[in-house]
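Protein chains in written order, with our numbering: chain A, 195 to 601; chain B, 195 to 601.
Below: one structure, written as structure tokens.
Dropping the structure here:
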């Protein structure tokens, strides 16, 4: 499959100034049409920030990157798909460092000026010879055009059915800037960052601490608000690189805030894409929980609903089975008054004042069947906090994909 | 299907002295061969204890029973399947009380001497006329023989494929006693939100507080250690009735301890049966977590592994994908040293000292394929606490059953 054959749902965003990227097939994935070594190079030393899995069992590249970010002076991100370099002990950490050094040598940078990402099978050692060959091959094919961006995003994919790209322009102190993001993730997508990787680039100049804070805030309402199967991976990572190539001064105040909004929008778009591309999914569940005391409580309720296999199968079957939704909220661990809970499904009220509301089940079922997105609205009427959360339905295809994916 | 056609996996245990039971089809379930009103009568006033769902959204019969237990003087348990009487507000609570009064009138007892159980669809009001007719019909058909026991257990079923019965004899102060239990649930958390119900009977005499304490302890290591889909229902209830009809004195000391062991054994057998009969299940996962600081931490790790769709699908596919198991432990929320974790699958070591152990994947896969039960052993080497937990695998059949069950 050539890059232009890849189904892309979103417009391909422009690559920010001063970045080049590309990907090649180096033989890590079995399918020779699938890129598996990806490189992003920044022509100027960039500020970098990162957010990572909170799984106690974290992969070697997570350990490597976490020790380096936030910081300055980064020149590249090197990524391989097909092998997660997770549960690989001390040798895995050595391999991540070697991978950084190989990419650094290719672009004239030190190992600690390169960040590393890996995704794929757990518990196997990195095929370093293939990665070395891949880096050598991709080095001469870097670009900042649409095709390079799509190739780079394809290089991140595992079971994703399509590359995930998003972008947003913003202006700070009169200087136009761009935020560009790409991500992967279709399963092992769970609480608090999933088997997802994300790379976000901007040509703005940002201080490391500001980059870290804004990335964390953006992840809170995007990547931390998406779930496919609730299984938190060992490799979740989102990296932000800001290289200042647009030429403006370092962002502060309103310019920094404008960047934060653009960054958040890009992350939200990528996160929704993950739920939409959830393995085997036929529906995206958009879960809006409002009227909570805190955002964390709203998210906990939304996640419990979004992770329930019974809710996910009901939506797959276009079944307005509101009892499954209400009872999921009830066991979320968040304390609330059930009599205050109001539930709407695709806009139709189904439950209020502790009792069912009469509704046209056939009409609601038809509304679920006819749209890719199903809207679940839960209001607790007990505070100002709210969250938007994305999940996917659970299908027989998810089971087939995961029962038949052998180690 | 006549009761004797029902597939029974376990021997039918003897009904303890002084209890009679039965069930009829009263038209609540659509299928006319399915019993849906069940009655258990104690000839002597019995001590009763109960454990209940911790869901904030709990059904009317849960509210009714919880207010009465633990206590003395109970004469009957009345149960309907096909309708959960959950999310039905004040009218639902009135209906539960009416159902108790109807059963009480049939056996010459007051409403508050009768406990009530309901399971089935959420959010519909009880069909009281049918329940009234069912109680009248079952009243003349109560017995303590095998057929009556099987009928009663069938009367509890929703999506269960078979009745679940277990029993154990024990002797206290020279007097032989019996514990008898029956349960329903294709999950602790069940399909159709019908969940699990359990009724345990003994002809021993037990003080209410002792009955409550021993039931809670038994539930901790049995019904609280089983999961099919992690969705906690609104109706979960286990009732224990002790009527003293065996004629011994009230149990204390060693006699009480012997009863506690028999009770725990009965509950463990019933709990394992639920996982084994989990909707669509082709495997039971027995998860043994050892070397933990506390039993709660061991259970939390076991539950996280047992609830992971990726672990469940891997076992369905006979795939020794140990990375999914190790990473689930890592996001359980329990703090531990990953380098100390040891994992064995069907007895074969797969992971230790933070790194993979070489193993014969084909042999382990064959061991999963050839047995109904898969043994997952996780040891953390950091304390004396342990737990045994049962779960089931996740299959396309589970999705079909739950996507196609319409409200």
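Using N, Cα and C, we set each Cβ at its ideal position, and we do this for glycine too.
No experiment lies behind these values; they were computed from the predicted model shown.
CB contact check: residue i to chain A, cutoff 7 Å
| i | result |
| --- | --- |
| residue 419 of chain B | no |
| residue 225 of chain B | no |
| residue 313 of chain B | no |
| residue 588 of chain B | yes |
Assigned secondary structure, residue i (DSSP; H/G/I helix, E/B strand, else coil)
| i | result |
| --- | --- |
| residue 581 of chain A | strand |
| residue 246 of chain A | strand |
| residue 400 of chain A | coil |
| residue 223 of chain B | coil |
| residue 408 of chain A | helix |
| residue 390 of chain B | coil |
| residue 438 of chain B | coil |
| residue 209 of chain B | coil |
| residue 521 of chain A | helix |
| residue 375 of chain A | strand |
| residue 342 of chain B | helix |
| residue 319 of chain B | coil |
| residue 359 of chain B | strand |
| residue 385 of chain B | Confidence at residue 385 of chain B is low in this model, with a pLDDT of 32, below 50, so its placement is unreliable and no value can be given for it. |
| residue 445 of chain B | coil |
| residue 512 of chain A | coil |
| residue 459 of chain A | helix |
Cα-Cα separation, residue i to residue j
| i | j | result |
| --- | --- | --- |
| residue 565 of chain B | residue 357 of chain A | 40 Å |
| residue 181 of chain B | residue 587 of chain B | Residue numbering for chain B in the displayed model covers 195 to 601; residue 181 of chain B lies beyond these limits and cannot be assessed. |
| residue 481 of chain A | residue 499 of chain A | 8 Å |
| residue 514 of chain A | residue 291 of chain A | 51 Å |
| residue 590 of chain A | residue 505 of chain A | 15 Å |
| residue 618 of chain B | residue 467 of chain B | With chain B running from 195 to 601 in the structure shown, residue 618 of chain B is simply not present. |
| residue 327 of chain B | residue 220 of chain B | 7 Å |
| residue 376 of chain B | residue 433 of chain B | 10 Å |
| residue 229 of chain B | residue 323 of chain B | 16 Å |
| residue 388 of chain B | residue 445 of chain A | Unreliable positioning characterises residue 388 of chain B in this predicted model, as indicated by a pLDDT of 40, which lies under 50. The coordinate reading is nonetheless provided below. Rounded to whole angstroms, residue 388 of chain B to residue 445 of chain A spans 56 Å at the Cα level. |
| residue 294 of chain B | residue 242 of chain B | 15 Å |
| residue 343 of chain A | residue 216 of chain A | 7 Å |
| residue 336 of chain B | residue 298 of chain B | 15 Å |
| residue 595 of chain B | residue 355 of chain B | 13 Å |
| residue 234 of chain A | residue 213 of chain A | 7 Å |
| residue 525 of chain B | residue 582 of chain B | 19 Å |
| residue 560 of chain A | residue 512 of chain A | 7 Å |
| residue 272 of chain B | residue 369 of chain B | 29 Å |
| residue 416 of chain A | residue 313 of chain A | 20 Å |
Residue from the options with nearest C-alpha to residue i
| i | options | result |
| --- | --- | --- |
| residue 280 of chain B | B:316, B:407, B:563, B:341 | B:316 |
| residue 238 of chain A | A:351, A:333, A:396 | A:396 |
| residue 580 of chain B | B:489, B:530, B:589 | B:489 |
| residue 475 of chain A | A:379, A:206, A:254 | A:379 |
| residue 341 of chain A | A:577, A:314, A:207 | A:207 |
| residue 255 of chain A | A:267, A:275, A:584 | A:275 |
| residue 478 of chain B | B:494, B:486, B:507 | B:507 |
| residue 429 of chain B | B:240, B:392, B:325, B:365 | B:392 |
| residue 270 of chain B | B:455, B:527, B:435 | B:435 |
| residue 420 of chain B | B:334, B:539, B:471, B:352 | B:471 |
Contact with chain B by residue i, beta-carbon distance below 7 Å
| i | result |
| --- | --- |
| residue 532 of chain A | yes |
| residue 316 of chain A | yes |
| residue 261 of chain A | no |
| residue 446 of chain A | no |
| residue 525 of chain A | yes |
| residue 457 of chain A | no |
| residue 510 of chain A | yes |
| residue 275 of chain A | no |
| residue 554 of chain A | no |
| residue 245 of chain A | no |
| residue 581 of chain A | no |
| residue 542 of chain A | no |
| residue 521 of chain A | yes |
| residue 321 of chain A | no |
Contact test: residue i Cβ vs the ligand GDP heavy atom, cutoff 6 Å
| i | result |
| --- | --- |
| residue 462 of chain B | Summarising the ligand content, the structure contains no ligands, and the ligand GDP is consequently not present. |
Which whole runs of the beta strand (DSSP E) in the region 226-299 of chain B are 3 residues long or more, in chain order? 231-246, 265-277
Counting only runs that start and end within the region 464-493 of chain A, where is the alpha helix (DSSP H) found for 4 or more residues in a row? Whole alpha helix (DSSP H) segments, 4+ residues: zero.
Which residue spans inside the region 538-568 of chain A form an unbroken alpha helix (DSSP H) run of at least 4? 555-563
Against chain C, which members of the region 465-477 of chain A pass a CB distance test of less than 7 Å? In the structure shown, chain C cannot be found, because the protein chains are A and B.
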